[in-house]
Structures are given as C-alpha cells and as structure tokens.
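Numbering (the working numbering), first residue to last: -8 to 319. The next block holds one structure in the form of structure tokens; read it before the comments.
Structural data, given as structure tokens:
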C-alpha cells in the first residue's frame, strides 16, 4: 500500500480562473491549461492546450454553461468548475500527487513540467509513467527529493517564474508568440506516411502580421520548395532557430537583425497548406523541438526593422529545399 505523506504547507490557488489581463499577458497559466484539458475531454475545446485564456477557451466555457443551464458569462467560476465534475477537481496543491491519479491538479502539473522542458507524454490529466518520469527528472535536476511524488515543494519550484532547470540548453529560453490567437495543430501531430508535425500552427486570418519571436538574424527569407512555401528562418544564439512558414508575403531579408516584434511577413497559405495559417517551428541545432514550453503568453511590442549584418551561418540552398514535417 502506497503511503502518501501529508503536506503541511498547501499551495493556495485562486478559486476561480478569471485572471487579470496584466497577469495573462506575462505568463500562461497552469489553471487555464487544466481548464482546457477538462473542456477538451467533453468535446468543448478543439485546439492544443496552451494555458492561455483565449477565444476558444471562453467559447468552451460558454458552451458548458449553456449546456448546464448556468449563467453564460464565459467566466469559469465555482459553479462552472463544479459542472466539470471530477475533471474540475481537486485544486493544484490540495494533495500530494502520485502515479495512477487523475484530475485537474494532474493536468496543471503536466503543463508546468512541459513548460520546463520535461515532457510528460501529454497534458491529459492522467498521472501515468510519462508524467512520473518527467517529474523524477525535474526533481533530480532541481535538487529536490527524488520520490516521484508531487508535493508542495515540487509544485512551488515549478511555479517560480525564474523556473529552475530546463532539460535542453537555454538559448533564448522564452519566445514571444509570432502571431496572435490560439494554437491549432500541435507539435508531433501525425501526418501522412508516418511523419509528424514539426512545429505548431496558428490558424489566423490571411494577411495577419507575423512577427519575430526574439532577438536574432534572418538567415533565410524566400520561397521554399519542400512544402514551407514563403519562409523566414531566424538564427538565435546557442543553436536555436525559428521558422515561419506559408507566408503570403515576406518582408524580412537575409542578414536582417531582428528583435521580438520585428515584422517578418504576413500569414498566407503558400506551399503545402490547406488554408491560411502560420506554421511556426523552433529548432535546436536544426532538430525540431516542441515550441510550446518556450512560448510566452503574448506577442511582442512592435519593433522596428533592424540593420543588415553578416549572416555567415546561413545556408540558403538548404533552407530553400528543406522538407516540411520531417520530424520523426
């Protein structure tokens, strides 16, 4: 029989999820992620769990409220959360989590681990082997007691903004979102012929402004014949690159110095695309990695176009012919 230690210092969370706009703008929320997981489980949240309370989240809350004949205000208060049943409880920090458990707090834990780069094998509210493996790896790296139990000390460390250890080397450890709106297809989603999605998609309107996710140098700006269509690639420090694909128009150029918010182009549907959206990738040493743990909640303030610098790291031929969805 598993002995679960009682924790004296319980992390107290706000009862509702109606976060202030200023707070939402600085960091995504584990509570919002748990809400999205619960809504997704009942068919009311169709896009990727990202912890940002955007229009799809509010729409799902309103649909739930209407279904349960509650006040339809889009605010996930106590009654709305109660309507989620077991998926809406318990609060993060109200128990010590361990393998085999399910619930709101487990979904929040998984999201926090993913934000640190410790992939739990999905954010679904179920504490399985993947979640335990990610938790143990984080505890070991953070200098915590390595027991595979998520108590107050582990949760507190995960929730600190400074963040503690990440599994991959840190370049720019956070990126601004290159376009507004929720995330559609997520990293690793299955594609034809056994391939997997090598980035994330922003299903936003044709012509929406696309901005650089951080400081760097544009190393490719042009048409790619491998499926990306009109493509911009930005080189960041320590081996990170960001890729912006299917653009309707490119406004950056090879060698341009960019900052978070610098205009790179506009959303389109060029290349292998079924409709207007931005395909966004983060690569480390040219290997696609999941962008979601590195994304901030919002886009950057608009930055002016930078000066031209020598982009010696660019290989235009390689970028021009690179094949989309080559992540396996």
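All C-beta atoms in this analysis are idealised placements derived from N, C-alpha and C, irrespective of residue type, glycine included.
For the ligand PLP, I want to know if residue i counts as a neighbour, meaning its beta carbon is within less than 7 Å of at least one of the ligand's heavy atoms.
i	result
residue 238	This structure simply doesn't include the ligand PLP, nor any ligand for that matter.
Closest to residue i by C-alpha separation, out of the options, would be which residue?
i	options	result
residue 252	89, 290, 113	290
residue 77	239, 97, 234, 270	97
residue 313	218, 137, 120, 62	218
residue 246	107, 227, 260	227
residue 130	104, 114, 113	104
residue 91	123, 148, 235, 202	123
residue 190	269, 121, 46, 240	269
residue 207	74, 250, 181	250
residue 241	264, 73, 85, 202	202
Provide the residue span of the alpha helix (DSSP H) that contains residue i, from first to last.
i	result
residue 232	From DSSP, residue 232 is part of no alpha helix (DSSP H) but of the beta strand (DSSP E) over 231 to 241.
residue 102	95 to 106
residue 202	No alpha helix (DSSP H) contains residue 202, which is instead part of the beta strand (DSSP E) from 200 to 202.
residue 22	21 to 32
residue 47	46 to 58
residue 72	69 to 74
Residue i: buried (16+ other C-beta within 10 angstroms of its C-beta) or exposed?
i	result
residue 243	buried
residue 141	buried
residue 197	exposed
residue 320	Only positions -8 to 319 of the chain appear in the structure, and residue 320 is not among them; the question remains open.
residue 262	buried
residue 259	buried
residue 272	buried
residue 214	exposed
residue 169	buried
residue 79	buried
residue 67	buried
residue 284	buried
Which residues mark the beginning and the end of the beta strand (DSSP E) in which residue i is found?
i	result
residue 146	Premise fails: residue 146 lies in the alpha helix (DSSP H), 143 to 150, not in any beta strand (DSSP E).
residue 279	278 to 280
residue 272	269 to 275
residue 222	220 to 226
residue 126	Looking at the DSSP string, residue 126 is not in any beta strand (DSSP E); the run it does join, the alpha helix (DSSP H), is 120 to 133.
residue 258	254 to 258
residue 213	207 to 215
residue 191	191 to 193
Could you tell me the distance, in whole angstroms, from the CA atom of residue i to the CA atom of residue j?
i	j	result
residue 42	residue 210	31 Å
residue 116	residue 144	20 Å
residue 27	residue 200	26 Å
residue 151	residue 216	43 Å
residue 178	residue 255	22 Å
residue 192	residue 175	5 Å
residue 221	residue 128	39 Å
residue 34	residue 248	43 Å
residue 406	residue 47	This structure leaves residue 406 out entirely; the chain is present only between -8 and 319.
residue 257	residue 167	16 Å
residue 184	residue 239	27 Å
residue 186	residue 234	18 Å
residue 311	residue 138	48 Å
residue 195	residue 237	12 Å
residue 351	residue 280	It is not possible to answer for residue 351, since the shown part of the chain is limited to -8 through 319.
residue 126	residue 264	37 Å
residue 44	residue 278	30 Å
Once you ignore the five residues that flank residue i on each side, which residues in its own chain have a CB closer than 6 Å to its CB?
i	result
residue 327	Outside the modelled stretch of the chain, which goes from -8 to 319, sits residue 327, for which no answer is possible.
residue 63	53, 56, 57
residue 30	36, 51
Under 7 Å Cβ to Cβ from residue i, same chain only, skipping five residues before and after it: list those, please.
i	result
residue 71	52, 55, 56, 61
residue 58	none
I'd like the list of long-range same chain contacts for residue i, defined as Cβ closer than 8 Å, with 5 residues on each side in sequence excluded.
i	result
residue 83	2, 4, 21, 22, 25, 95, 96, 99, 100, 146
residue 114	24, 28, 40, 98, 101, 102, 105
residue 49	65
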